[in-house]
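Under our numbering, the first residue of the sequence shown carries the number 231, and numbering increases by one thereafter.
Below: the structure, in structure tokens.
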Amino acid sequence: MKAAAQKEGPERSCVVTRAVKAPDDLIRFVAGPDGVLVPDLRRKLPGRGVWASLSRKTVAEAIKRKAFERSLKAKVAVPADLPDIVDGLMYRDTLQALSMANKAGLVTAGFAKVEALIETGRCLAVIAASDGAEDGKRKIGQAVRRLAAAREAEGLKARELPVVAIFAAADLELALGRAHVIHAALAPGPAAEGVLSRWRRLVRYRTDDTAASDPNDIEDTTEPAGPNAE
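Right, dumping it as structure tokens:
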């Protein structure tokens, strides 16, 4: 077993593909007290668990194959819209992490302030409202490229600056407790890293795990026993 997997806990197998992966690359599901299957994003809910790859398409395929029921070896109600439920939970979890980062003083809002933070080189990630104007997105992109050019001119290695563009402006306003939020930026810190970790998982889920290497490249598969169950 890989050293990284040992730190995260035992590996599990996907209920559809049977691929063995670390828990961070899977989603755990359990039967709730009412007998309805629920996602366990934090992997803390009691009971026997079944795991699916971090992919919307895989969750949908598990429903089609009735893989969850076979894995749990029990009658369980699987919502037809389970892929959407998972997406919604992951989205809200990422938004909540952004709110916590804001309370920790790691979020800067407003185009001018975001641009200034980028130019200092202390920006961990940029946040752009998904429904924001294209002109604003273009200008933020220019600021990111200027930073990369400046680092290159100084002989420094180019640093990836993620652009999180999954949140609507209304959700950003709610999470940050202020009006008219179109652009924001994350400063380095544990809470900010938590935002990026959740965002990357959501992007991977929405793009069927193909964005594992670089989420910025994205525009906005029965019968387990052993490692798959717990």
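Don't be surprised by glycine CBs; every beta carbon is placed ideally from N, CA and C.
By the neighbour-count criterion, in which 16 or more other beta carbons inside 10 Å mark a residue as buried, residue 324 falls on the buried side. The shortest C-alpha to C-alpha distance from residue 285 to any of 301, 274 and 316 is the one to 316. Excluding sequence positions up to five before and after residue 345, its CB lies within less than 6 angstroms of the CB of 373, all in the same chain and listed in chain order.
Taking the CA atoms as reference points, residue 382 sits about 10 angstroms from residue 389. Burial check for residue 427: the Cβ neighbour count within 10 Å stays below 16, so the residue is exposed. The beta carbons of residue 327 and residue 260 sit about 22 angstroms from each other, so the pair does not count as a contact at 8 angstroms. Collapsing the DSSP output to three states places residue 374 in a helix.
Within the model, the alpha-carbon separation for residue 246 versus residue 299 is close to 12 angstroms. Inter-residue distance for residue 257 and residue 432 is about 11 angstroms (C-alpha atoms, whole angstroms). In the three-state reduction of the DSSP assignment, residue 430 falls in the helix class.
Judged by beta-carbon spacing, residue 366 lies beyond the 9 angstroms limit of residue 379, meaning their Cβ atoms are not closer than that value.
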